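Asks: Shown below is the structure under consideration.
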Amino acid sequence: MSAQQLDVKKSWQAIRRHRLIVAAVAAIGLLGGVAYGLVAPAMHTATSLVVLPPPPATDAEKAAGSGAQSIDTQVFIAESEPVLNSAGQNLTPALPAEEVRNRVKVTAVTQDVIKIDAKGTTAQQSMRLANAVAEVYLVFITTDEKLPGDLGKKTGARVLEQASTARGGNVLVHLGILGLLGALIGSVIGSIGVLAKVRGDRRLRLRDEIADAVGLPVLASVSSYQATDVSDWAYLLEHYSPTAVEAWSLRKTLHHLGLDVRGGGPVSLTVLSFAGDDKALPLGPQLAALAASIGIPASIVVDAHRETRGDDALTIHLVVVDRDAPHLGGSEPTTNTIIALSAGTVTAEELARLAVAAAAADRSIDGLVVTDPDPADRTIGRVSQSMRRSSSRLPTLLTGTARRTK
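Structural data, given as structure tokens:
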């Protein structure tokens, strides 16, 4: 997989992860577009047609100067300042020449016909403006008077079709188009803002990223238990019962560590987590509850204080370390050690510092457990970087984790 494909995939995942922000900005854009539509009302468009005489057929007509000028010249005349200014003054209320120029567009339909499109805030205004421009244009090209640029040559031009109907001007369509355009612009701006924010965010979110940071496999992914106060922790320690999905993920963790054997000798497990990572802290009690449910009595040790759940077939030590300066020198050695962390809370540097501190304390980290993985993460955290570079078909996570509801 190329680096560009990875960047596109990560960018899309970042946008999905912050979709509420993008949706909020899109909603603001939608409201802004509708508000602009109310300030700038829908415009009606009317069309009048002017037919020009055929070009001179004989040399005598050419010498006499009769016949039509080129079609480009006629379009230029119709869009000239004198014509537009006079047409605007003939309306009630009058419109300045600049406003008329913004509302009127003259095009050549054929070599003999020019089309005058005029816009107005009402259907009547657009029709009056289109007809006014056509009438003033005819005056300019048919009069015998001396006009600027010697435009006063009789040509025999006439109005082919006066503007009698107008199109457009539907308020709902007008507001809908501007609203959707505003929402689209808002979505783009929101997405750009999210990508700019994510670009400077070094926290690890994908299982493969977490595993690559320290070269350790992700043993399992579990849903966190929301423990926000003392009562939640008391319920977790005394009454917690994992759901089927949670039990399977926790069982896989114990199985990978070889701690799910009934009747074995006393074993112990250290669960390392970072200070401030509240979603990862309950993993130890969750593992103890799962072990007890499958017939393995377990106890929990927190800062040398033991919360007994039975005998000591499995002892789980909970150790919380500082992100900037992790230290494990005073903790009791155990049979196994894992790191519990929630997706999007730690950086590669913080994770590496913890691995170095564990090595300095003569501890071997057996793996990682990710709590509350990103729903868009389809990686498994157990495929090496070299395999990902060399293989196009890689295992992906087919099922996610269920969210606990109270």
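The number in the numbering used here is simply the position in the sequence shown, starting from 1, with 13 added.
Where a beta carbon is used, it is the ideal one built from N, C-alpha and C, also for glycine.
Bear in mind the structure is a predicted one, so any value in this text is a computation, not a measurement.
1. To the nearest angstrom, how far is it from the Cα of Leu44 to the Cα of Val117?
2. Alpha carbon to alpha carbon, how far is Ile154 from Leu185?
3. Taking the continuous alpha helix (DSSP H) assigned at Ala53, which residues delimit it?
4. Name the residue from Ile307, Ala371, Gly357 whose alpha carbon lies nearest to the alpha carbon of Arg218.
5. By DSSP, does Arg116 sit in helix, in strand, or in coil?
6. I'd like to know if the region 245 to 262 and the region 275 to 284 are in contact, where contact means that at least 3 CB-CB pairs between them fall below 8 angstroms.
7. Leaving aside the five residues before and after Ala27 along the sequence, list all residues of the same chain whose C-beta is less than 7 angstroms from its C-beta, in chain order.
8. Do Ala293 and Thr350 count as a contact pair if the criterion is CB distance below 8 angstroms?
9. Using the C-alpha atoms, what's the distance from Ala36 back to Arg29?
10. In angstroms, rounded to a whole number, what distance separates the CA positions of Ala288 and Arg376?
11. At the level of alpha carbons, what is the spacing between Gly195 and Trp25?
12. How many Å lie between Leu229 and Ala368 at the Cα?
13. Quick check for students: name the residue ranges of the alpha helix (DSSP H) that lie wholly in the region 319 to 384, counting only runs of 4 or more.
14. Closest to Thr120 by CA distance: which of Ala40, Gly101, Val64 is it?
15. Around the C-beta of Leu33, are 16 or more other C-beta atoms found within 10 angstroms, so that it is buried, or is it exposed?
16. Which value, in whole angstroms, describes the spacing of the CA atoms of Asp245 and Val334?
17. Using the Cα positions of Val231 and Glu363, report the straight-line distance between them to the nearest angstrom.
18. Let me know the beta strand (DSSP E) ranges lying completely inside the region 218 to 258, each 3 residues or longer, listed in chain order.
19. Roughly how many angstroms separate the alpha carbons of Gly181 and Asp214, rounded to a whole number?
20. Restricting to Cα atoms, I'd like to know which of Arg220, Ala107, Lys128 is closest to Gln87.
21. Would you tell me roughly how many angstroms separate the C-alpha atoms of Gln102 and Leu108, rounded to the nearest one?
22. Return yes when the Cβ of Thr360 is within less than 8 angstroms of the Cβ of Asp221, no when it is not.
23. Tell me the rounded alpha-carbon separation between Gly192 and His269.
24. Could you check whether the Cβ of Leu367 sits closer than 8 angstroms to any Cβ belonging to chain C?
25. Note down, in chain order, each residue of its chain lying with its Cβ closer than 8 angstroms to the Cβ of Gln429, except the 5 sequence neighbours on either side.
26. Taking the alpha helix (DSSP H) that Gly297 falls in, what are its first and last residues?
27. Where His31 and Val201 are concerned, what is the direct C-alpha to C-alpha distance, given to the nearest angstrom?
28. Nearest CA to the CA of Val314: which residue from Gly308, Ser344, Ser306, Gly394?
29. Check whether the Cβ atoms of His330 and Ala370 sit closer than 8 angstroms, and answer yes or no.
30. What would DSSP say about Arg212, mapped onto helix, strand or coil?
31. Go through the region 85 to 146 residue by residue and report every complete run of the beta strand (DSSP E) that reaches 3 residues or more, in order.
32. Since Ser177 contacts Thr58 with CB under 8 angstroms, what's their CB separation in whole angstroms?
33. Using the beta-carbon count (16 or more within 10 Å), is Asn144 buried or exposed?
34. Below 8 angstroms between beta carbons: does that hold for Ile90 and Tyr150?
Replies: Reading off the structure:
1. 30 angstroms
2. 41 angstroms
3. First-last for Ala53: undefined, no H or E at that position.
4. Gly357
5. helix
6. no
7. Val207, Leu208, Val211
8. no
9. Their Cα atoms are separated by approximately 10 angstroms.
10. 20 angstroms
11. 21 angstroms
12. 10 angstroms
13. The qualifying runs are 361 to 373.
14. Val64
15. exposed
16. 22 angstroms
17. 17 angstroms
18. 231 to 235
19. 48 angstroms
20. The closest CA to that of Gln87, considering only Arg220, Ala107, Lys128, is found on Lys128.
21. 6 angstroms
22. no
23. 54 angstroms
24. No chain C appears in the structure shown, which is made up of a single protein chain.
25. There is no way to answer for residue 429, as the model of the chain reaches only from 14 to 419.
26. Counting along the chain, Gly297 sits inside the alpha helix (DSSP H) bounded by residues 296 to 306.
27. 13 angstroms
28. Ser344
29. no
30. helix
31. 117 to 121, 126 to 133
32. Contact doesn't hold; Cβ gap of about 13 angstroms is too wide.
33. buried
34. yes
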